[in-house]
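Listed in order, the protein sequences are those of chains A and B. Quick note: the first sequence uses our numbering, first residue 1, plus one each step. Quick note: the second sequence uses our numbering, first residue 1001, plus one each step. A short write-up of the structure that comes next.
Number of protein chains: 2
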Amino acid sequence: MPSYTAPVRDTQFVMSDVLNLEKYANLPGFANADTDTINAVLEEGGKFVSEVMFPLNQVGDHEGCTRHEDGSVTTPTGFKEAYDKFVEGGWGTLGQNPEYGGQGLPHIVSMAFEEYMSSGNMAFGMYPGLTAGAIAAINVKGSDEQKQTYMPKMISGEWTGTMNLTEPHCGTDLGLIRTKAVDNGDGSYRITGQKIFISAGEHDLASNIIHLVLAKREGAPDDVKGISLFIVPKFIVNEDGSPGARNGVMCGSIEEKMGIHGNATCVMNYDDATGYLVGEPEKGLAAMFIMMNAARLGVGIQGLSQGEVAYQNAVTYANERRQGRALTGVADPDAKADTIMVHPDVRRMLMDARAFTEGARALSLWAALQIDLAHSAQTEEERAEADEIVGLLTPVIKGYFTDKGFETAVNAQQVYGGHGYVTEWGMEQYVRDARIAQIYEGTNGVQAMDLVGRKLGRNGGKALMQFAQMMNDEIASAKEDEALKPLAEKLEKAGGELQAATMWLMQNGMANPNNAGAGAVPYLHLMGIVSLGLMWLKMARAAQAKLTNGSADDPFYQAKMITARYYMDRYLPDAGALRRKLEAGAESMMALPEDMFARA
Amino acid sequence: MPSYTAPVRDTQFVMSDVLNLEKYANLPGFANADTDTINAVLEEGGKFVSEVMFPLNQVGDHEGCTRHEDGSVTTPTGFKEAYDKFVEGGWGTLGQNPEYGGQGLPHIVSMAFEEYMSSGNMAFGMYPGLTAGAIAAINVKGSDEQKQTYMPKMISGEWTGTMNLTEPHCGTDLGLIRTKAVDNGDGSYRITGQKIFISAGEHDLASNIIHLVLAKREGAPDDVKGISLFIVPKFIVNEDGSPGARNGVMCGSIEEKMGIHGNATCVMNYDDATGYLVGEPEKGLAAMFIMMNAARLGVGIQGLSQGEVAYQNAVTYANERRQGRALTGVADPDAKADTIMVHPDVRRMLMDARAFTEGARALSLWAALQIDLAHSAQTEEERAEADEIVGLLTPVIKGYFTDKGFETAVNAQQVYGGHGYVTEWGMEQYVRDARIAQIYEGTNGVQAMDLVGRKLGRNGGKALMQFAQMMNDEIASAKEDEALKPLAEKLEKAGGELQAATMWLMQNGMANPNNAGAGAVPYLHLMGIVSLGLMWLKMARAAQAKLTNGSADDPFYQAKMITARYYMDRYLPDAGALRRKLEAGAESMMALPEDMFARA
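As structure tokens, then:
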């Protein structure tokens, strides 16, 4: 049977030894976050996930959610009890605004817990995950009254939230949405339309569900400039804050889908439902992007998390399963066969997984720290810089982590041979669950266009220059250490490929925008590879410092150095190939007339 | 709803224009195979698949197979009727031995039909597919009596066959098998043991099932040298050839698995079942490899076939779905949005699929022709050469086609966005079905070791030298044509990477076998990329000849030239990266002690 252990030691290593979290202690928001508190949260959080959430992962996949004739939805056996414990433990409050009942811990702490939660039970974790996205929008764009009404109960987890964007005929192109909002003249609107693919759209976990819905007001432009954001509660909230009358929003059906069966993916029908405008009219897209950016980071973390749990189980299997003999001679003469851990190709899949998950964990925590700095750094300049870099890395984290996370789950399944294909071992669920993360909250192709078309050139390319500067500094400093120099040199070469690819895009993307489109996904992957390479160099520096300062025998730091070498050996070579694909441009990609694709 | 059209024109192009099948007409075995006959088989076969098999693909996935208390198994609704039509149409007889009722058509023809069948319904296609593997073993290793008893009814499809290798504790390492054979002294044996993952192990399609079972005779060595192959019929065959007494072999359960639900994956329990030795005792592994090699090619074709059907549906969707506008300006001013076919990243996924499937189709048909030549070429030398090259390419076709086929299905699903994740659209089934092909009949890691450890060096590396010679000749001749020269130059560069990687393996694999193991999968992929590149150069030459000789306006040949350019632009760059990964060797891959993989 599968198992999961939160990688607490690795999280702590990144926080303390790589990012030196202690040095931020003087910043507002870090006041409550001394090392002991953080360690307690990580350990208790990891335990909660292993003991409460993970045991429901296969049950949730097997049972799925059930819609009843009255439109109500039941979650799988055990989900309600587990969610009650989640609320009781305050696990949704970690990084939230203390004015409304949050613990005000840094984002880096809540990000670490989010990874554990998604590893333990991705479908379950989406209920609080979507809630957090909805809270983010209300926190920034909501009126004081809206904040008072909704945030405390959403932060505690008593109520959950959703994001309602997609309609049957449109997902990526939100300008096409047809859901209408008619002004009641009393500060409320009547919302009518159909939304699809609404995760956590209806369920039995919470006493109210706060839907955030994109719609067009009467008379607004019929394109993206006409979109407004509305709060539509399942139960209209009474003056005293309690859930009141049932609103005109119903779950019409649940999608039958490839994975994340424990989460109800709903068709939501709005029929003159009462809604409340969030922020300014016709500025819904900006408000939506607040939810969306939080959600995109969360989805990136799902990629990491499914890779992590799949990796852990593949390790267990590889250490137990005996098949064949080591190529270098019998490893275990007492047994009729060696464990498959002796086979290089099994190692390849496990080391690939290890190098990706640890690198991605470091990047996710580093990005979360930048979010904290964007809120709390001492100068306006530092805050702006941190904000820019988060903007740049958000599509990379979403796109690269989910592509590699899926691949990692597939490889971990491969370690099991035929048993990986059989349901009871649990591996094929990770593959099916991980697959959605490449699609939702903007497909990875959309992420790549966000990176290349929007983020790269923003403010004169400031964020990328910042990123390059940080790379150069790290490489220069690492080159002065004999143990780190070979790693730094390999990363420098890959960084050169990224720089060349960037130059090519600048020169050729203007002349023909299809060149930018044709190179977008290779560029995103190139940036992902180099970003994780940078994290590996940082981790190697931190580990090397420990090894030479009293911890020479600690296998944890030894493993870091080996995995850093592996990353540079086996991930960086793709940088050159990606650059060359990108430099091939759009010509052969776009030359075939549309009607010549179908088979005759 | 999904659809499938057999790519008959493309098959014909490869057969006639690329491989010039007509020139083999004088060879035995090609006598019945004039162009008209082949075209009729392809067209009727494609129609049969589209009309009879494909409509049952989603039904089969949804219903799966059902085991009843008595151990009998029912296939999904419609499978029995479709199988009867399959038998009636003689679709299993195409390439089979005419002495036993086969049509004796060349393998190249049956291979083409096999692709269509696997595209139309992979789970269904496995019933005759496994039968063909079992026939192959009996045809080569069986006694005359065994051939007379089993082959006619297996070839007609009245009976089906299976391959019983895997046991709960062993798959790859067959030396560990525990199934026992006790001599009855009358030419028969009593077989006892448990086999798992037996595809098509029990079902209601045929009146008898002929199991080919690996077991160890009493007193035989307890390793691979002690393995014998036995025929164990479900019903013992009477003197008159009719199925008689029920044998002691039962389906114990059906595995719940990720995909291919329409095929019954059985645990088979043998309890003093009557079995008959095939070939010599303790030579079971050689007999098994006859089945296995046929099966491995068939599994490679499954990778191609799932990529093909997924591609076709993604094209339909991309031509219908409207979302956003072309980067180069509005393409369709009459609609509120352009079709997603205008977006370079959608094109990227479709062109990737097109370049892979057409290249793989060419390679599979070329390999099938080599099988024909291995049987029928005029000189012993030609026959031996053809046989060697099939041996070399079998692991490449199995491993590379299934890895890329899975990736192609995943990309085609991605074209659908969220709809790709929803069951009813059918795309996620292709992904789940395609996944098994990377695992069964020897995982792709095992294929890579077969290539690097066995095939590469066999007979002094003769097959590889032959392959290199063919590459060089093709490139040299293409360089003389201005239209082909740029393609040839790119392929030459990739060929150089393959050559360098081969040299590195020779020099470093001897010194440390783990270097060979660590480079095996990258090498297999490198060889796959270059092999398909060679096929694309051959196809481009054939298409160019048509374009300059009276068919300048035929979009089919224009499309070939565009796709050839795309292949060279977007697939070949990976060759260099794969070489560099391989040249990194085993050091960082094997350095981590086994007990340091688990998370603390």
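Built from N, CA and C at the ideal position, the CB exists for glycine as well.
Listed along the chain, the chain A residues whose CB falls inside 7 angstroms of the CB of H1343 (chain B) are G517. Note on geometry: alpha-carbon atoms of I231 (chain A) and Q1413 (chain B) lie some 33 angstroms from one another. Annotation for T1074 (chain B): T1066, D1204 place their beta carbon closer than 6 angstroms to its own, counting only its chain and skipping 5 residues before and after.
Any Cβ of chain A closer than 8 angstroms to the Cβ of A1542 (chain B) would place that residue at the interface, and such an atom is absent. The C-beta separation of Q1146 (chain B) from V1278 (chain B) comes to about 7 angstroms, placing the pair in contact by the 8 angstroms criterion. For R190 (chain A), no alpha helix (DSSP H) segment is defined; the enclosing uninterrupted segment is the beta strand (DSSP E) at 189 to 199. At least one CB of chain A lies nearer than 8 angstroms to the CB of F1197 (chain B). Residue environment analysis places P98 (chain A) among the exposed positions, since fewer than 16 neighbouring C-beta atoms fall within 10 angstroms of its C-beta.
Flagged as an interface residue toward chain A: V1521 (chain B), by a C-beta distance shorter than 8 angstroms. Within chain B, the residues placing a beta-carbon under 7 angstroms from that of K336 (chain A) are L1176, ordered along the chain. Using a CB distance below 9 angstroms, no part of the stretch 271 to 298 of chain A faces chain B. For N1319 (chain B), there is no enclosing beta strand (DSSP E); the residue is part of the alpha helix (DSSP H) that begins and ends at 1284 to 1320. Per the coordinates, the alpha-carbon of H1211 (chain B) lies some 29 angstroms from the alpha-carbon of L1451 (chain B).
Using a CB distance cut-off of 8 angstroms, V1041 (chain B) does not count as an interface residue toward chain A. Sixteen is the threshold: when 16 or more other Cβ atoms of the shown chains lie within 10 Å of the Cβ of K1141 (chain B), as they do, the residue is buried.
By the neighbour-count definition (other C-beta atoms within 10 Å, threshold 16), H68 (chain A) is an exposed residue. Residue environment: S72 (chain A) is assigned as exposed (fewer than 16 neighbouring CB atoms within 10 Å of its CB, all protein chains considered). Contacts with chain B (Cβ-Cβ distance below 9 angstroms) from the stretch 33 to 58 of chain A involve no residue at all. Fully enclosed beta strand (DSSP E) runs of no fewer than 3 residues occupy 208 to 217, 227 to 233, 235 to 237, 243 to 246, 249 to 254 of the stretch 194 to 263 of chain A, in order along the chain. For N472 (chain A), there is no enclosing beta strand (DSSP E); the enclosing alpha helix (DSSP H) has its first and last residue at 462 to 479. Residue environment for T1548 (chain B): exposed (fewer than 16 other C-beta atoms within 10 angstroms of its C-beta). Only residues of its own chain outside the window of five on either side were considered, and among them G60, I260, G262, N263 have a CB closer than 6 angstroms to the CB of A123 (chain A), listed in chain order. The Cβ of N1459 (chain B) sits no closer than 8 angstroms to any Cβ of chain A. Looking from the CA of M1163 (chain B), the closest CA among B:P1128, B:D1338, B:S1143, B:G1175 belongs to B:P1128.
When only Cα atoms are considered, I389 (chain A) and W366 (chain A) end up about 11 angstroms apart. Straight across, the Cα-Cα distance linking R361 (chain A) with A295 (chain A) is about 17 angstroms.
Here L526 (chain A) has E497, L498, A501, A575, L578, R579 as same chain residues with Cβ atoms under 7 angstroms from its own Cβ, once five neighbours each way along the sequence are excluded.
Ranked by how close their Cα comes to the Cα of P28 (chain A), the residues A:E587, A:L105, A:L537, A:V87 have A:L105 in first place. Taking 8 angstroms as the upper bound for CB-CB distance, S1016 (chain B) and M1126 (chain B) are not in contact here, some 30 angstroms apart.
For Y1116 (chain B), no Cβ of chain A is located within less than 8 angstroms of the residue's own Cβ. For A384 (chain A), the uninterrupted alpha helix (DSSP H) run begins and ends at 380 to 415, by DSSP. Taking a cut-off of 8 angstroms on C-beta distances, the stretch 420 to 429 of chain A does not touch the stretch 368 to 378 of chain A, as fewer than three cross pairs fall below it. Per DSSP, D1061 (chain B) lies in no beta strand (DSSP E) segment; the continuous alpha helix (DSSP H) that holds it begins and ends at 1057 to 1063. When DSSP states are grouped into helix, strand and coil, R9 (chain A) belongs to the helix group. Note on geometry: alpha-carbon atoms of G1248 (chain B) and P1152 (chain B) lie some 24 angstroms from one another.
In the displayed model, T1037 (chain B) falls within a helix according to three-state DSSP.
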